[in-house]
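Numbers 5 to 277, taken from my numbering, label the letters of the sequence shown in order. Beta carbons are placed, not taken as given, at the ideal position from N, Cα and C, and that holds for glycine. Small disclaimer: the values here were computed from a predicted structure and weren't measured. Report on one structure; see the data block that follows.
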Amino acid sequence: MIGEPMLVTLMAALDEVSDSSSYMLPVVFSLFAGLSTGIGGVMVLFFRNNIVDLGVIAFMLSTAAASMITVSIVDLFWSVAEVIGMSHTLLCCVMGYFTVWAVRKFGPSLLHEPKADETTEHRLERVGIITAVTLTAHNLPEGMAVALSTMGSSTLGLKMALAIALHNIPEGLAITGPLLMSRQTSARNAIGLALVSGLSEPVGAILTLVFFKGFLTQALIDYALAYVGGVMVAVATLELVPEALRTERHWHTVGGLLCGTVVMGLSLQALGE
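Structure, rendered in structure tokens:
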């Protein structure tokens, strides 16, 4: 357990390092946050023996959905609204939500709404892939936000990286869970996809430092985060929750929703989000 004096010393040391290496810390912090998505992916292996149990499927899908909704509302919506205003935040969220709706209707066949005769395995594989794409888009502006925060204060950057790392763990589970349940994807590929999704965080940080440092502002990132928040809510409500309900394990679904909401809410609260 790190005591308060030790933590203060660590923060002071980080500030000194950031003065001499303004490019290194943002990348390191964002990489740390992104790698935690892979940790969440690995955690699914603990449930591997029971991964085809309908109750486990319902619980994992609804937990992932609740985590995504909670982080969108608590971590993104309210904090972003304080910067760009409630109306702009709502507009960006609605645009993100209807983007997912439109893609499901008119996009590539893999992303269409599931057909009545589609097997459970193919539906789960589809959910996992859509979740991976969505969270990759979500992690990119988060990496940018970590970079901007760290350039201003390494202490703030570390706090943001810790908060993001904590909520990235269930996001990794949201990717690998459906893929492993589908039995269409190997464990290595499923975990690899979760890891790649998380690595978009350092990519966002590098883009910020190399290309966007001169004109990228926190407000622009907040607009992107509000949009992606709407995308995440759409994936949770249009994909994850309906798939959990199809198992007809309603108590497991309710339990997962409560678990995801409480765990994510407490983790964000503990980190002062």
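Could you check which residue in Q273, V131, L35 has the C-alpha nearest to that of L242?
Stepping through the sequence shown from its first residue, residue 242 is reached at position 238. Comparing Cα positions, the closest option is V131.
Give a yes or no on whether the C-beta atoms belonging to A68 and P174 are separated by under 8 Å.
Counted from its first residue, the sequence shown places residue 68 at position 64. Counted from its first residue, the sequence shown places residue 174 at position 170. Yes, they are a contact pair.
Cβ separation of V84 and G269, assumed to be a contact under 8 Å, to the nearest whole Å
The residue given as residue 84 occupies position 80 in the sequence shown. The residue given as residue 269 occupies position 265 in the sequence shown. The Cβ separation is near 18 Å, so there is no contact.
Could you tell me the boundaries of the alpha helix (DSSP H) in which A70 lies?
Taking the first residue of the sequence shown as 1, we reach residue 70 at position 66. Unbroken alpha helix (DSSP H) run through A70: 58-74.
Does the separation of the CB atoms of I61 and M185 fall below 8 Å?
The residue you call residue 61 lines up with position 57 of the sequence shown. The residue you call residue 185 lines up with position 181 of the sequence shown. Taking 8 Å as the cut-off, the Cβ atoms of I61 and M185 count as close.
At the level of alpha carbons, what is the spacing between C97 and M90?
Residue mapping note: residue 97 aligns to position 93 of the sequence shown, counting from 1. Residue mapping note: residue 90 aligns to position 86 of the sequence shown, counting from 1. If you draw a straight line from the Cα of C97 to the Cα of M90, it is about 10 Å long.
Among the residues of its own chain, which have a CB less than 8 Å from the CB of H171, if the five just before and after it don't count?
If you number the sequence shown from 1, residue 171 lands on position 167. Closer than 8 Å at the Cβ level, and outside the excluded window around H171, lie S71, V75, D79, M268, S271, L272.
Just to check my reading of the structure: G45 and L203 have Cβ atoms closer than 8 Å, yes? What is that Cβ distance to the nearest angstrom?
Taking the first residue of the sequence shown as position 1, residue 45 is located at position 41. Taking the first residue of the sequence shown as position 1, residue 203 is located at position 199. With a contact defined as Cβ atoms closer than 8 Å, G45 and L203 miss out at about 12 Å.
For V258, I'd like the list of residues in its chain whose CB is within less than 7 Å of its CB, leaving aside the five on either flank, ordered along the chain.
Working through the sequence shown from its first residue, we reach residue 258 at position 254. Hits under 7 Å: none found.
Look at L29 and G181 and say whether their C-beta atoms are less than 8 Å apart.
Against the sequence shown, residue 29 aligns to sequence position 25. Against the sequence shown, residue 181 aligns to sequence position 177. The answer is no: Cβ separation not under 8 Å.
Less than 6 Å between C-beta atoms, sequence neighbours within five positions excluded: which residues of the same chain meet that for L128?
Within the sequence shown, numbered from 1, the residue matching residue 128 stands at position 124. Closer than 6 Å at Cβ, skipping near neighbours: P182, M185, S186.
Inter-residue Cα distance where the pair is M64 and V207:
Counting from one through the sequence shown, the residue named residue 64 turns up at place 60. Counting from one through the sequence shown, the residue named residue 207 turns up at place 203. The alpha-carbon atoms of M64 and V207 are separated by roughly 28 Å.
So what's F219 in DSSP terms, helix, strand or just coil?
If you number the sequence shown from 1, residue 219 lands on position 215. Reduced to three states, the DSSP call for F219 is coil.
With DSSP collapsed to three states, give me the class of G7.
The count along the sequence shown starts at 1 and reaches residue 7 at position 3. With a pLDDT of only 49 at G7, under the threshold of 50, the placement of this residue in the model should not be trusted; the figure read from the coordinates follows. When DSSP states are grouped into helix, strand and coil, G7 belongs to the coil group.
Inter-residue Cα distance where the pair is A240 and F215:
Locating residue 240 in the sequence shown gives position 236, counting from the first residue. Locating residue 215 in the sequence shown gives position 211, counting from the first residue. So the alpha carbons of these two residues sit roughly 33 Å apart.
From E125, V137, W82, L94, pick the residue whose C-alpha is nearest to that of V104; which is it?
On the sequence shown, residue 104 is found 100 positions in, with the first residue counted as 1. The candidate whose alpha carbon is nearest that of V104 is V137.
Only counting the same chain, and skipping five residues up and downstream in sequence, which positions put a Cβ closer than 6 Å to that of S22?
To locate residue 22, count along the sequence shown from 1; it is residue 18. Interpretation of S22 is limited by its pLDDT of 47, a score under 50 that renders its predicted location unreliable; the figure taken from the coordinates is listed afterwards. Cβ neighbours of S22 beyond the five flanking positions: L29, S158.
Return yes when the Cβ of L213 is within less than 8 Å of the Cβ of A169, no when it is not.
By 1-based counting over the sequence shown, the position of residue 169 is 165. By 1-based counting over the sequence shown, the position of residue 213 is 209. Not in contact: A169 and L213 (Cβ atoms no closer than 8 Å).
Suppose the cutoff is 6 Å on Cβ atoms and the five residues either side in sequence are ignored; what does the same chain contact list for T154 look like?
Numbered from 1 along the sequence shown, position 150 holds the residue referred to as residue 154. So the list reads L29, P30, F33, G161, once near-sequence residues are dropped.
Can you look up L203 in the DSSP assignment and give me helix, strand or coil?
Against the sequence shown, residue 203 aligns to sequence position 199. Coil, per DSSP.
What span of residues does the alpha helix (DSSP H) with R250 cover, start to end?
If you number the sequence shown from 1, residue 250 lands on position 246. For R250, the enclosing alpha helix (DSSP H) begins and ends at 245-250.
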